[in-house]
Structures are given as structure tokens and as C-alpha cells.
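Structure, as C-alpha cells:
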Amino acid sequence: MTALLLTLGVPLLGGLVLALFGHRDRALELNAGFSFATFLASAALTIQIIATGPILVLGKQFFVDPLNVLLVALTAFVAFNTALFSRPYMRVERDRGKMTPGRMRLYHSMFQLFSFTMLLALLTNNMGILWVAMEAATLATVLLVSVYRTPASLEAAWKYFILCGVGIAQALFGTILLYLAAERVLGSGGGGLLWTNLEQVKQQLEPTVLSLAFVFMLVGYGTKVGLVPLHNWLPDAHAEGPTPISAVLSGLLLNVALYAVLRCKVLTDGALANRFAGDLMVGFGLLSVVVAAFFLSRQKDVKRMFAYSSIEHMGLMTFAFGMGGPIASFAGLLHMTAHSLIKSAIFFTVGHAAQKAGTQVMDEIRGLVRVNPTVGWGLMLGTMAILGMPPFGIFASEFLILTTAMREFPWTTPFLLIALGVAFAAVFGRVLPMVFGETSVRPLAHPPAIIPVFVHVGLGLMLGLYIPPYLNTWYQQAVRLIGG
Amino acid sequence: MSTLASQLINLFAALLLLLAFAMLSQRRVLSLVHLFTLQGAALVASTSVMAYATDQPHLYFSAALTLVLKVLLLPWLLHRLIQRLAVRWDVEPLLNIPTTMLVGIVLVIFAFTLAAPISALSASVARSTLGIALACVLLSFMMMITRAKAIPQVIGFLALENGLLFAATSATYGMPMVVELGIALDVLVGMVILGVFMFQIREQFDSLDISHLEKLKED
Amino acid sequence: MGAALNWSGLLSQLLEIALAVLGAPLLTGWVNQCRAWLQNKSAPPLLLPYRTLHKLFNKESVVATHASPLFRATPYVVFGCMALACAVVPSLSTDLPLASAADAIALVGLFAVARVFIALGAFDIGTAFGTLGARREMLVGFLAEPALLMVLFTSFLISGSTSLATIVENLAGRELAIYPALAFAGVAFTMVSLAENARVPVDNPATHLELTMIHEAMILEYSGRHLALIEWAASLKLFAYSCIGLALFFPWGVARAGAPLDLFLALPVLIVKLALGGALLALIETASAKMRIFRVPEFLAGAFLLAVIGMLVHLLLGA
Numbered sequence: 002m003t004a005l006l007l008t009l010g011v012p013l014l015g016g017l018v019l020a021l022f023g024h025r026d027r028a029l030e031l032n033a034g035f036s037f038a039t040f041l042a043s044a045a046l047t048i049q050i051i052a053t054g055p056i057l058v059l060g061k062q063f064f065v066d067p068l069n070v071l072l073v074a075l076t077a078f079v080a081f082n083t084a085l086f087s088r089p090y091m092r093v094e095r096d097r098g099k100m101t102p103g104r105m106r107l108y109h110s111m112f113q114l115f116s117f118t119m120l121l122a123l124l125t126n127n128m129g130i131l132w133v134a135m136e137a138a139t140l141a142t143v144l145l146v147s148v149y150r151t152p153a154s155l156e157a158a159w160k161y162f163i164l165c166g167v168g169i170a171q172a173l174f175g176t177i178l179l180y181l182a183a184e185r186v187l188g189s190g191g192g193g194l195l196w197t198n199l200e201q202v203k204q205q206l207e208p209t210v211l212s213l214a215f216v217f218m219l220v221g222y223g224t225k226v227g228l229v230p231l232h233n234w235l236p237d238a239h240a241e242g243p244t245p246i247s248a249v250l251s252g253l254l255l256n257v258a259l260y261a262v263l264r265c266k267v268l269t270d271g272a273l274a275n276r277f278a279g280d281l282m283v284g285f286g287l288l289s290v291v292v293a294a295f296f297l298s299r300q301k302d303v304k305r306m307f308a309y310s311s312i313e314h315m316g317l318m319t320f321a322f323g324m325g326g327p328i329a330s331f332a333g334l335l336h337m338t339a340h341s342l343i344k345s346a347i348f349f350t351v352g353h354a355a356q357k358a359g360t361q362v363m364d365e366i367r368g369l370v371r372v373n374p375t376v377g378w379g380l381m382l383g384t385m386a387i388l389g390m391p392p393f394g395i396f397a398s399e400f401l402i403l404t405t406a407m408r409e410f411p412w413t414t415p416f417l418l419i420a421l422g423v424a425f426a427a428v429f430g431r432v433l434p435m436v437f438g439e440t441s442v443r444p445l446a447h448p449p450a451i452i453p454v455f456v457h458v459g460l461g462l463m464l465g466l467y468i469p470p471y472l473n474t475w476y477q478q479a480v481r482l483i484g485g
Numbered sequence: 129m130s131t132l133a134s135q136l137i138n139l140f141a142a143l144l145l146l147l148a149f150a151m152l153s154q155r156r157v158l159s160l161v162h163l164f165t166l167q168g169a170a171l172v173a174s175t176s177v178m179a180y181a182t183d184q185p186h187l188y189f190s191a192a193l194t195l196v197l198k199v200l201l202l203p204w205l206l207h208r209l210i211q212r213l214a215v216r217w218d219v220e221p222l223l224n225i226p227t228t229m230l231v232g233i234v235l236v237i238f239a240f241t242l243a244a245p246i247s248a249l250s251a252s253v254a255r256s257t258l259g260i261a262l263a264c265v266l267l268s269f270m271m272m273i274t275r276a277k278a279i280p281q282v283i284g285f286l287a288l289e290n291g292l293l294f295a296a297t298s299a300t301y302g303m304p305m306v307v308e309l310g311i312a313l314d315v316l317v318g319m320v321i322l323g324v325f326m327f328q329i330r331e332q333f334d335s336l337d338i339s340h341l342e343k344l345k346e347d
Numbered sequence: 006m007g008a009a010l011n012w013s014g015l016l017s018q019l020l021e022i023a024l025a026v027l028g029a030p031l032l033t034g035w036v037n038q039c040r041a042w043l044q045n046k047s048a049p050p051l052l053l054p055y056r057t058l059h060k061l062f063n064k065e066s067v068v069a070t071h072a073s074p075l076f077r078a079t080p081y082v083v084f085g086c087m088a089l090a091c092a093v094v095p096s097l098s099t100d101l102p103l104a105s106a107a108d109a110i111a112l113v114g115l116f117a118v119a120r121v122f123i124a125l126g127a128f129d130i131g132t133a134f135g136t137l138g139a140r141r142e143m144l145v146g147f148l149a150e151p152a153l154l155m156v157l158f159t160s161f162l163i164s165g166s167t168s169l170a171t172i173v174e175n176l177a178g179r180e181l182a183i184y185p186a187l188a189f190a191g192v193a194f195t196m197v198s199l200a201e202n203a204r205v206p207v208d209n210p211a212t213h214l215e216l217t218m219i220h221e222a223m224i225l226e227y228s229g230r231h232l233a234l235i236e237w238a239a240s241l242k243l244f245a246y247s248c249i250g251l252a253l254f255f256p257w258g259v260a261r262a263g264a265p266l267d268l269f270l271a272l273p274v275l276i277v278k279l280a281l282g283g284a285l286l287a288l289i290e291t292a293s294a295k296m297r298i299f300r301v302p303e304f305l306a307g308a309f310l311l312a313v314i315g316m317l318v319h320l321l322l323g324a
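Protein chains in written order, with our numbering: chain F, 2 to 485; chain S, 129 to 347; chain D, 6 to 324.
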């Protein structure tokens, strides 16, 4: 229980502290320190859960089971590494005058508050609070996307706010409908919104209401996952905000939104006892993969390209969870973990690369491996990993997903293969000249953050080669909870 | 459950729908803010009547919260924003107004048909108003889509929240207090952020026309 | 359901026609007086419309040389339609022998006949302003009629019949209740009557600028007794619309069939209601500005949609 309180309390405290002191030079270290403390607390929580099983505390308002504790640990870890990465990155930005002291304070406090809202969304048992936390996460980052005050970033932030706001309003309506169905069974009072209660009575929930509620919640939270056709905000927000924000958006926010969808899916499957929810997710997922792959090939900005890659991978994950069954769910979870790690690593390297070259346009970034071998190789390895090359983790999960798809939805496999192929060709073709090639840029003033990149990529590699037994049990338990 | 209470709730529901339509057809921004305030007041009244009729004290708190937020605080913020931005618009919407209203009618019919089977399942006394709540939500969506300026889009967003809150009180016995507080906090913070935002937009573009914000297209 | 032609029905019918024909100019005068008071001007005398009519009847009627018989017939047709309309609307009593001959839809048809004739009369001479006014009038009428029909449909749905007399009896008989559908329909009806009676914000009856006229432009060519009849018909139209509004939304106090003594109560009640209605009209006219002509379709579309919402709300809420 203390671990839980610490996991939530530390980032909240960090947000408040950094709101006051975020402009100091040491604030970057302080930020990393708070994130490290959060990570330690979440690690302690994870160990506790794996040892003793799920806990339900604080008046049943917080529920921790293997599914969300895995994501909690992942979130805290990626946040910590992003904080480490932002040290040199933000120093360069500050030296170039793009980050004023006021903006630094905003950045730091919002970074911590964002971690807080993500963790709150993961740990809460109350579907209403889940909604509030998701909306708060958008609010925490919207000012960060526009922090550079260029016309493009303002547009990106406005789109982000409005589209996500509209989307999440639909999720609220879905939650209201869910509560409506719950009230009939559980009576009024707060109990109707607690996931654990709902999970116990899910067979008794009214099917028509639940199916409509799921549609609204899928559309609503799906906007935040980046499912096509609700994805319009995603490429802009990733491309225009500072790179640490792109990393956490891709690595964390999308995951938590998908987690929210999963929780709803479990309830809906119980109430409807048919494949309605799964089929919807399969449809949206497939659409996202195909559309993202084709848009990807037309991008000129490196961060936009990787943003579309995120959409593609989230689509793949949605597809996997939609299919259901133990293998697909396992693959989905594996993919979530690996994608989170590798995509954030890619954004770290891309951030440094863009800083060096002074631009995000891919045609103008060249010869990274000559200027700074670690950044260059980091990007190369990260790209290979994200494209699904063996022996990285993404390959394993994509393989499992494709084989399951061939069994359950054979007609989707050609689409998936073509989409993955197109994405592979496009991304590889763009990254290769970026990494190799002639260039004349000079190194940066502050040495880039190497460790986070290679830690992430290394973990991605490990997931592909060998999943440690405790991680395996962890995944198995989570899969069982998804109802696979 | 006296019939007077249910008639009053029906009346307020009809009033909400009327105000949603009026906002859709309004041109001037100040009248939009006034209409939004009226909508908030109607919502407060309806929630209070519900609280009285169903004997649920936490609905009184909900009504008080809505009063402070939607009738007093947010309109005041909007007025200040309009004053400081020196906004005097005669907004030309994307579609002309009669077409907008015809599409609005179609949306209302759609909302009513969608909500009909669900209202039959609700245990609340105001269940027939779920269709109206959904209609208000859809009309606010429409308002956000057809307006090309920042403040009407924001007001559409806030009206959307009004519709959702009304749906919550009409479909269920009101959401738990903690959730309501969370939603209220989100709305308030959202408003503040939007205010800051609009200054940034104005600083950059010297206008609050959203069509300036359409450069990031797919090429 | 035809009421038998008994003496009480006949009496109430005659009383209604007499009241309408004689009292309509008084209503117009009252509205003008209220407007003047609200605008802080000194009011014209209440009986001024009667003096105007008297003056016009005693003047010579001048007609253009190439005017067709239609031009001369129009004032009489229009007056007849309006008088008949007033006779059909149950303002004093629901026991009207003529009421069974006309329901609310036929009433709308009567107004349409009058509108067609007056527009044709304006076209007849071929002046620029006449044609201008006629085209505008047809535009307004084209949009206002569906709105009016929707309002009436809402009342039909609530009361279950298209006969105004039945509607009045039905509504007056129910206990006091709030019907949101009727509230919507009421607002829509007010907007429609403002448009049809050529009042601000659609058309300014006191304007002298021909380019902004709708109704006035059509009657520029009439003089003498023709003009008198047309002005009288306009007052009757206002009276009829007010009585329709009262019948649909405030039907209390109307005498029922089989209770002829209620007529004595119905008369003062009607006068009070009309006075209040007239004051409200003056208030609306003072508080609004005349709209530009291309905004009129929006205004009337709004009325139409309000009426449709009223109907939908009734269907959904059962209220």
C-alpha cells in the first residue's frame, strides 16, 4: 500500500516542486531524480503484486493486478529514461534559446504531472476517475506541444486539444451508459463504477446498453490510442512538440489509452458473450495498420514518420487484442512493452539527430554515424527493431500476431503483410541515408544521452531472444485477466 | 414521484434542446456566451428538481457545483477573454444557417431513435430525457465542426459537457461525487489552458480564425 | 361533427363576426398606442384606425387605366377571406356553425388565397415596387406556411383533431400542465405571425421607404375604398392570428357549446387576452430591429425548426 501511495505521490509532489524551481539549471537533474524515485516505488509495487497477488485498497478505489502493474512499471521506467534523455536535449534547446526559464518550469512540472495522471489512470479502480485522469493527461501535455510557439505547433496543440477533447467526451458518454447498466444491477452509490464490482457482475449487465457503451468508449479512448480515422492529432502533436514529449506520448499515453479500452472490452465480452467488441477492435486495428503504412511512405519529417509508425503499431496491438485468445493477447502485451521501449529509444536518437542537423526534414539529415556514432547506431538498431527484424522483440510479437491471424482471420493476413512490407521499405529507405552518408554537421555542445537509448534497445533485444521466467509468468497472469 | 416534477424536468430538457439549437444559429459571440450561461442555469434547475424529486442529496451538491462552474465562473472567464481579446465577431459559419439547422434536426431525430431502447431500461424518473441529452451532445459537436473561430469552438465544447452532465443525471441517479468533482476540475483547467492558448494564437497570427491553423495538412 | 343550427350557436357566430369586423381596427390602434408609449412618443388616439377607414371610404378610388378586373376584385376577396377566417376561429365560443366547415388546414388555405390575390393584384399594374413587394411576400409566405402547418400539427398531435373548436375544448378541459411541446410551438407561432402580419423584425408597417417594404409595397396602387378594405383586412388578419394563437395556447375562458351564458364571460376575457397580446406584440416590435431581407429565410427556417422540435419533443416525451 505504501508502494502504491509513493508511486502516485512522488510525481505529484515533483510536479508541484518543479513548478516552483523548474527554471534552475539543476532542475533537469531534479526531474530525473523524481522520476527515478517513482520508478523505484513502482518496482517495489510490482514485486509485491507478483509475490502476493492483486490488491484492492483505499476503499476499493485502487486496484492493482498483474495487467496494470506491468504497465505501471513500464510507464515509470520509460518516464525515468526520458527524463535522463531530456537532460542533454533540453540543455541544447535552452542554449539555442528555444526554451526560456518560464517554459522550462512548465515543461518540468507538466512532465511530472503527466506521469502522475498516467499512473493514476493505470492504478484506479473507478472508471470515472480513469476518464478524469485520461483527460487530465491531455491537459497536462497540450501546453507542452505548443511550447515553441511556432504556427505549426499552435495548430498541432489546438488540434490535439479539440480532437482529443471531443473524443474523450464520447468516452464519458460511454462511461455514463456503463454506469446506467451497472446501476440496474449494483444499485446507485459509487459502487457501480468500480471495475472490480463490474467484473464480477458482468454477465448481468444489459447487452444493448453495454454494446453502445463500448462503441462510445472505443471511439473515445481510441482517439487517444490513435486509431484511424481518429488519429489526426497524433502526427502533428508528435512532430511539433519537444522530443521528450513525443517519446512519452508514443511510449506511454497510447499504451494507457489502449489499457482503458482493454478494461472495457473485458466487461463487454462478459456481458455480450459474442465477438462484437473483438470484431470492432480487429476492424479498427486493421484499418489503422493499413492507412498508417501508406501515409508513412509519404512523410518528409522524421518525427511525423515515426508518429505514423506508432499509429501502425498501436493498430497492430488493437488487432491482436481484438482477436483474443491466449497467444494473441500475449503477443499484444509483448508488443506493448517492446514498442514502448523501442519507440522511445528511436525518439531519443531522432531528437539528438534533429538537434544536430537543425531540422526535422529527413532529406537534410545525413551521416549521423560519422558525427556521433552512438546516435547513428542507436537509430539504426532502433529502426531495425521497430520494423520487426529478428531477433528483436517486435519480431516475436508480430510473428505471433500474424500466425494467429492466419488461423482466425485469414483474409486479413495479406493486408497486414503488405502494410508491414510497405512500412519496412519506407522507413528503412529513409533511415539508411540519414545514418550513413556524407555530412558536415558538428557535434553538439552537450553529449547525447546514450544510456537510455541502448538500455531500451537492449531490453527490446532481450524480449526477442529470451523472456525471463518471472516476466513470462507476469504476462501469463495478465493474459488470463484479459480473458484470453 | 409527482407529475409536476417530471413535467418540470421535461420542460427544462426541452429548454436545453432549444438553447442548443439557438447556439447553433447564433452569429454573435456575446449572445453565444449568454446562451451558454442560460443553458447552465437550466441544467442547475433540472438537477435540483431531480434532487428534490428522487431524494438524492448528492444531486444538490452536483447542482451547486454546476452553478458555480457553469453559470458563474466559466461565463466570467469567457467574458474576460472576449474583452481582452477585443473580439467582436459576426461569425460566418461553414454551412449557411438554414442548412445547419436542417442537419441539426436530422441529428436530433437520430439521437432520439438511438436513445429510445436505452431509456426504456433506465430506472431514473427522467429517462425519457436521455434522447434530448444525446441530441444536445450531437448539436454541440455540430457547432464545433461548423464554426471557424476559436471561441465558438470552445463554447461548443463546453456545451458538450453540459449535455453529458444532463445525460448523467437523466440516465442514472447522477455520477458519484468524486467523479463529478474530477470532471469539474478537468473542465476548469481546460478553460484556463484554452484561455492561455488563445493568447498564444492571437500573438502568433493576429487573429483567432481557426482557418489559419490549417497549414499542417497531408501533402 | 356538425353543431346543430340552434339559436345559441347562431348568436355566438354572429357575435364573433361582428366583434372581429368591428374590433380589429381597435386592436391595431391599441398596438400602435403601445408602441408609441414604449418608444416614449406621444400616442395616436386609440380610434385613429376607424377615422382613417372613414376617411378612405369617403375618398374617390383611383384605378390605373390598364388594371384588370382582378385588381378591382382583390380588396373584396381579401376582406372576405379574412372575415371568414375570423368567423371560423373560436375566439368567443366553440359552438360555431361555421367551424365544422373549416378546420385549421382549411384556415391556412384561406390565408393562402388572400395572399395569392393580393400578390396578383400587385403584379397586375406592372409597377416596379408592386412586383418587388409581391415577390418578397411570396418568399415570406412560402417559408411561413410550412412553419405554420408544423405548429398546427403539434397541436393536432396533442389534441387529436384538426378542428380548432375541438382543440380548444380539449386543451381548455385539461388540468393545468406544462407542455414543452406547446412552448416550442408557441415561440414558432409567434415568429410566424410576425412574418405573416408584416411586423418588425420582418417588415416595418410604419415605413415609408419603398425599398424596404414587403406588405406596403403591394398596396401602393390602391386608394379610396379599395385601400380601406385592404387596411381593414390587414387588421382582421392580425386579429385572426391573435385569436388562433389564443385558441391554441391559451384557450381558457372560451364558451362551450351548450353553455350560452358563458358568452358574457368570454367577451371580457377575450378583450383582456387580446389587449395583453397586443402589448406583447408592441414590446417585441420595439425590442427588435428590422432584419435584412436575406436574413428572413433564416428567421423562418428557425421558426419551422422550432415547430419540428416541438413535435419531436412531444413524440419523445409524450408531453
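Every residue, glycine too, gets a C-beta built ideally from N, C-alpha and C.
DSSP-derived helix/strand/coil call for Val-495 (chain F): Outside the displayed range of chain F (2 to 485) lies residue 495 (chain F), so it cannot be described from this structure.
Which of helix, strand or coil DSSP assigns to Glu-346 (chain S): Any reading at Glu-346 (chain S) must be qualified, since the residue scores a pLDDT of 49, below 50, and its modelled position is unreliable; no value is offered.
C-beta neighbour in chain S for Ala-8 (chain D), strict 9 Å: Unreliable placement is indicated for Ala-8 (chain D), whose pLDDT of 46 sits below 50; the coordinate value is still reported in the next sentence. With 9 Å as the cut-off, Ala-8 (chain D) does not count as an interface residue toward chain S.
Segment limits, beta strand (DSSP E) that includes Val-58 (chain F): 56 to 58
Cβ neighbours of Val-456 (chain F) in the same chain (closer than 7 Å, five flanking residues each side left out): Asn-82
Distance between Cys-265 (chain F) and Phe-215 (chain F) (C-alpha atoms, nearest Å): 7 Å
Same chain, Cβ closer than 7 Å to Lys-61 (chain F), neighbours up to 5 away in sequence not counted: Asn-126, Leu-195, Thr-197
Alpha carbon of Met-6 (chain D) to alpha carbon of Ser-105 (chain D), nearest angstrom: With a pLDDT of 42 at Met-6 (chain D), under the threshold of 50, the modelled position of this residue cannot be trusted; read the value that follows with caution. Approximately 7 Å, taken between the alpha carbons.
Nearest residue (CA-CA) to Leu-258 (chain S), options S:Val-161, S:Leu-147, S:Val-324, S:Ser-298: S:Ser-298
Close beta carbons around Ala-238 (chain F), own chain, < 7 Å, minus the five adjacent residues each side: Val-146, Ala-157, Tyr-161, Leu-250
Distance CB(Val-145 (chain D))-CB(Leu-305 (chain D)) smaller than 9 Å: yes
Local Cβ density within 10 Å of Tyr-180 (chain F), reported as buried at 16 or more and exposed below that: buried
is_contact[Phe-189 (chain D), chain S] using C-beta, thresh 9 Å: yes
Interface residues of the stretch 294 to 311 of chain S facing chain F [CB-CB below 9 Å]: Ala-295, Ala-296, Ala-299, Thr-300, Tyr-301, Gly-302, Met-303, Pro-304, Met-305, Val-306, Val-307, Glu-308, Leu-309, Gly-310, Ile-311
Interface positions of the stretch 298 to 327 of chain F facing chain S (Cβ-Cβ less than 7 Å), listed along the chain: none
Span of the alpha helix (DSSP H) around Val-458 (chain F): 452 to 466
C-beta neighbour in chain S for Asn-32 (chain F), strict 9 Å: no
CB contact check: Glu-136 (chain F) to chain S, cutoff 9 Å: yes
Same chain, Cβ closer than 6 Å to Val-58 (chain F), five either side skipped, listed in chain order: Met-2
Chain S contact for Val-313 (chain D) (CB, 9 Å cutoff): yes
Ile-235 (chain D) beta carbon less than 9 Å from that of Ile-219 (chain D): no
Any C-beta of chain F under 9 Å from that of Asp-183 (chain S): no
Where Val-172 (chain S) falls, given that 16 or more other Cβ within 10 Å makes a residue buried: buried
The stretch 2 to 13 of chain F: positions lying closer than 8 Å to chain S by Cβ: none
Cutoff 9 Å: Tyr-476 (chain F) Cβ touching any chain S Cβ: no
Exposure of Leu-327 (chain D), with buried meaning 16 or more beta-carbon neighbours within 10 Å: Only positions 6 to 324 of chain D appear in this structure, which leaves residue 327 (chain D) out of reach.
Listed by chain order, chain D residues near Pro-245 (chain S) by CB distance under 7 Å: Here the premise fails: no neighbours, minimum Cβ distance about 13 Å.
Alpha-carbon to alpha-carbon, Leu-293 (chain S) and Ala-88 (chain D): 52 Å
Contacting residues, own chain, Cβ-Cβ under 6 Å from Val-351 (chain F) (five flanking each side not counted): Val-303
Three or more C-beta pairs below 8 Å linking the stretch 265 to 273 of chain S and the stretch 141 to 160 of chain S: yes
Glu-331 (chain S), enclosing alpha helix (DSSP H) - first and last residue: 305 to 333
Identified DSSP bridge partners for Thr-269 (chain F): Thr-269 (chain F) pairs with nothing; no bridge assigned.
Sheet register partners of Ser-98 (chain D) (DSSP bridge): D:Ala-260
Distance between Val-133 (chain F) and Glu-439 (chain F) (C-alpha atoms, nearest Å): 50 Å
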